[in-house]
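Numbering (the working numbering), first residue to last: 351 to 467.
Pasting the structure below:
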């Protein structure tokens, strides 16, 4: 998947078509991305003991086919990869050819599970 956390994108389809936002989380196996303040829905939370009910606003993931990455000028662009002379792989914008900086993201280690006998 060529989209990563922190990329600026434009929503190209769905109810939020035309909105711009930043990718918060990527789900590569499901081909979906979570974009900040886009595709928001209201979740009704039932009252619990000692806690009143409420309506919580949350973001839902969008299919990657419904978003397009924006370059530095704010135009829709595509992402490609280029191998440098050092042998390192860089992400580039196809229209402008500029290198996209890779943001360092924290990887969350999976939870260790113990097998029950």
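Ideal Cβ positions, reconstructed from N, Cα and C, are used throughout, including at glycine.
Asked	Found
Taking Cβ positions, are residue 360 and residue 389 nearer each other than 9 angstroms?	no
CB-CB under 8 angstroms to residue 393, same chain, minus the five flanking residues each way: which ones, in chain order?	405, 406, 407, 408
May I ask you to report which of helix, strand or coil DSSP gives residue 415?	helix
With which residues is residue 383 paired in a DSSP beta bridge?	376, 412
Taking the Cβ atom as the reference point for each residue, do residue 383 and residue 420 lie within a distance shorter than 9 angstroms?	no
Let me check one thing: in DSSP terms, what residues is residue 429 bridge-paired to?	443
In the DSSP output, what is residue 420 paired with across the bridge?	426
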